[in-house]
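Asker: Dropping the structure in here first, questions after.
In the working numbering, the protein residues as written are 161 to 822.
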């Protein structure tokens, strides 16, 4: 049998160690929607200055024509297909309205309308493609091959897809686990943050379950495969994200909810305005002019602009303050949130273990600084996250670390090294069923105190005798408790904590932040189940998370928000919004800003409705001159647009921060 620590064969396709999967990103211009939108926009931008400066029509006319063709053919064709299915949408009406505007001389207005709609469609296509990229990239977390052990411990490199339940695989140090299974032999620390979100590696030994895609530490493991490749936890995460994204009911903007009725009514009314006067003896030119005027003043341009500028302005303002909201639909959804669920590690906490306590034992002759100095010197060669936390704590205190000789690491136990002629061991405290006495009793008391507070206890021994203990924990974000209070006040319900971490650590964090409902030890499907239970009870849920294990719940929630700095690619792409700088305090502010945007949308709809109704009545009951009708229509459009742009001001964000309780 080859040694478990021997280097992998040259032909072995090992995945990158410890890294995220290679990113698969669809280039923007590879999408046909993006290419058509870019073409239409460039043509419009070239034509606009020529038109405004009075250049001959032959210089800008063809450019406008290209704008109409590039940006309008796709929504127009889609609208015609919808007509074949006996459905009428606003996109087709927008194309018709743009052509109508061109027919009566308002070529620039029609071209601008085309550019707005085609750009919106391109951005939506890009968001869809990027989410699909991340879902596919998630599969790269699991290695393509695994080392299967056969008769006489003969090693065979096979594709992961060819593994069967009952096969035995060898997982070498630093490799990713190739299948869901159970450890038969060996001991190692396994980083399974991608599955459970736990901040620290978990010791795995005989009888423990391991998951495909998790990263093995310094020990070698023999694992019996217990699930097919298509049924691993990673594969189930992929399926859950895809299913949740497909079944999540699309929240539409207000105008889109009534587009069928509005579209049919507008078409019917335009035909009536044309045909009725014609039947009563009016001349063809007069009837056509009245109908064209009616179509222009009744077109939903002002209504569309009544909806979009407030939401887009709110998106821009939130973006300046570190919250990326991916679409106007998402900005509208944020204002509807009445319940919030948080992940723990990397969301409410910083996601990085830190030394919180340095506790030398009485009689050891070493003070706190000396204890930390010896422990950090011994841990410095180690790559374990706990070791990095100890070394970083010593550096923060400005402690110079001596050299360590004879370094040795034992998976699941700790490290040993010789520091300044003394043998220093740093690792997990030994557990003994017998009652402790003397120094052991003092040690056990400190261990119990640290663990009761949700911290990981690390024992430091010097020359075989216990010298002290270190407490290590994932630190709470400074603004976590304040954010929880603000969201509780805004939504009327205290947020819920959903975490794969252990119940004790979850309960400690909940107590510190004021969260009342806690669900710990969850797998990704459990988080999805919790979100759906809450939504089934009538709540509109916003989930805040950062990891691969949060992605299915982010997709299932009404609104998913990802933490940006350390968030996984899948979480960032699946989420509807991203807190770029990881400032939790921006969450209540962006909800308040969304509610303000929704209020402005309603104001604008009233203004647009009054203008449209007034101009339509004038055209039907009197003789509305076409230039005046266009001026009134464009004037209402400008008015509602400017009203929506109020949310671009810095004062709008300050007001949102003020309205969000602290």
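From the three backbone atoms N, C-alpha and C, an ideal C-beta is built for every residue, glycine too.
Return the CA-CA distance between residue 441 and residue 432, expressed in angstroms with no decimal places.
Answerer: Cα-Cα distance, rounded: 14 Å.
Asker: With distances taken Cα to Cα, identify the nearest neighbour of residue 521 among 452, 601 and 736.
Answerer: The candidate whose alpha carbon is nearest that of residue 521 is 601.
Asker: Among all the DSSP beta bridges, which residues are the ones paired with residue 348?
Answerer: According to DSSP, which records beta bridges pairwise, residue 348 is partnered with 364.
Asker: Are the stretch 618-635 and the stretch 713-724 touching, with three or more C-beta to C-beta distances below 8 Å?
Answerer: The answer is no - the stretch 713-724 does not touch the stretch 618-635, with fewer than three Cβ pairs under 8 Å.
Asker: CA-CA distance, residue 813 and residue 778?
Answerer: If I take the Cα positions, the gap works out to 41 Å.
Asker: Counting C-beta neighbours from all protein chains within 10 Å, is the total for residue 579 16 or more, i.e. buried, or is it exposed?
Answerer: Result: buried.
Asker: Starting from the N-terminal side, write out each stretch of the alpha helix (DSSP H) that is 4 residues or longer and does not extend beyond the stretch 541-615.
Answerer: Taking only runs of at least 4 residues, the alpha helix (DSSP H) segments lying wholly in the stretch 541-615 are 545-556 and 598-612.
Asker: Determine the closest residue to residue 632 out of 374, 654 and 532, with distance taken between C-alpha atoms.
Answerer: Cα-wise, what sits closest to residue 632 is 532.
Asker: Would you mind giving the Cβ-Cβ distance between residue 636 and residue 669, rounded to the nearest angstrom? I have them listed as a contact below 8 Å.
Answerer: Yes, residue 636 and residue 669 are in contact; Cβ-Cβ is about 6 Å, under 8 Å.
Asker: At the 8 Å Cβ level, is residue 395 part of the contact set with chain C, yes or no?
Answerer: Any reference to chain C falls outside this structure, which holds one protein chain only.
Asker: Taking the beta strand (DSSP E) that residue 634 belongs to, which residues open and close that run?
Answerer: Residues 625-636.
Asker: Considering only the beta carbon of each residue, do residue 285 and residue 191 sit closer than 8 Å?
Answerer: Yes; because the gap between Cβ atoms is below 8 Å, this pair is in contact.
Asker: Thinking C-alpha only, which one of 650, 511 and 665 is nearest residue 707?
Answerer: Residue 511 is the option with its Cα nearest to residue 707.
Asker: Using only alpha-carbon positions, find the residue among 624, 604 and 485 that is nearest to residue 576.
Answerer: Checking every option, the nearest Cα to that of residue 576 belongs to 624.
Asker: In terms of residues, what are the limits of the beta strand (DSSP E) holding residue 705?
Answerer: Where residue 705 is concerned, the enclosing beta strand (DSSP E) stretches over 701-705.
Asker: Look at the alpha carbon of residue 811 and the alpha carbon of residue 643, and state the distance between them as a whole number of angstroms.
Answerer: In a straight line, the C-alpha of residue 811 is about 21 Å away from that of residue 643.
Asker: Whole-angstrom Cβ separation of residue 343 and residue 499, contact assumed at under 8 Å?
Answerer: Not a contact, Cβ separation roughly 39 Å.
Asker: Is residue 370 near residue 337, with beta carbons less than 8 Å apart?
Answerer: For residue 370 and residue 337, yes; Cβs fall inside 8 Å.
Asker: Just to confirm the assignment, what range does the beta strand (DSSP E) spanning residue 720 have?
Answerer: Taken as a continuous stretch (DSSP letters only), the beta strand (DSSP E) holding residue 720 covers 719-723.
Asker: Have a look at residue 346 and residue 570 and give me their C-alpha separation to the nearest angstrom.
Answerer: For residue 346 and residue 570, the distance between alpha carbons rounds to 11 Å.
Asker: To the nearest angstrom, how far is it from the Cα of residue 202 to the Cα of residue 194?
Answerer: Cα to Cα, the separation comes out at about 12 Å.
Asker: Going by DSSP in three states, residue 502 sits in which element: helix, strand or coil?
Answerer: Looking at residue 502 - three-state DSSP - the assignment turns out to be strand.
Asker: If you check the beta carbons only, do residue 503 and residue 710 fall under 8 Å apart?
Answerer: Taking 8 Å as the Cβ cut-off, residue 503 and residue 710 qualify as a contacting pair.
Asker: Closest to residue 671 by CA distance: which of 645, 482, 733 and 434 is it?
Answerer: The residue with the shortest Cα to Cα distance from residue 671 is 645.
Asker: Does the pairing of the stretch 479-495 with the stretch 764-784 give three or more beta-carbon distances under 8 Å?
Answerer: In short, these stretches do not touch, since the Cβ pair count stays below three.
Asker: Contact defined as beta carbons within less than 8 Å: I believe residue 688 pairs with residue 655. What is the distance between those atoms, to the nearest angstrom?
Answerer: About 17 Å; that fails the 8 Å criterion.
Asker: With distance defined between alpha-carbon atoms, name the residue in 218, 392 and 272 nearest to residue 229.
Answerer: Per the Cα distances, 272.
Asker: Assuming residue 640 and residue 753 are in contact, meaning their beta carbons sit under 8 Å apart, how far apart are those beta carbons, in whole angstroms?
Answerer: Rounded, the Cβ-Cβ distance is 21 Å, inconsistent with contact.
Asker: If you follow the alpha helix (DSSP H) that residue 489 is part of, which residue opens it and which one closes it?
Answerer: Looking at the DSSP string, the run of the alpha helix (DSSP H) that includes residue 489 is 488-494.
Asker: How far does the beta strand (DSSP E) with residue 677 in it extend, from its first residue to its last?
Answerer: 677-679 is the span of the beta strand (DSSP E), which, as asked, contains residue 677.
Asker: CA-CA distance, residue 759 and residue 223?
Answerer: In a straight line, the C-alpha of residue 759 is about 39 Å away from that of residue 223.
Asker: In whole angstroms, what is the alpha-carbon distance linking residue 524 and residue 375?
Answerer: Distance between the alpha carbons of residue 524 and residue 375: 38 Å.
Asker: Where does residue 332 land, buried or exposed, given buried means 16+ other C-beta within 10 angstroms?
Answerer: Residue 332 comes out buried.
Asker: So residue 255 packs on residue 454, CB below 8 Å; how close in whole Å?
Answerer: So it is not a contact: roughly 18 Å between Cβ atoms.
Asker: Would you kindly work out how many angstroms separate the C-alpha atoms of residue 352 and residue 303, rounded to a whole number?
Answerer: Straight-line Cα distance between these residues: approximately 15 Å.
Asker: Just to check my reading of the structure: residue 360 and residue 513 have Cβ atoms closer than 8 Å, yes? What is that Cβ distance to the nearest angstrom?
Answerer: Indeed they touch by this definition, with Cβ atoms about 6 Å apart.
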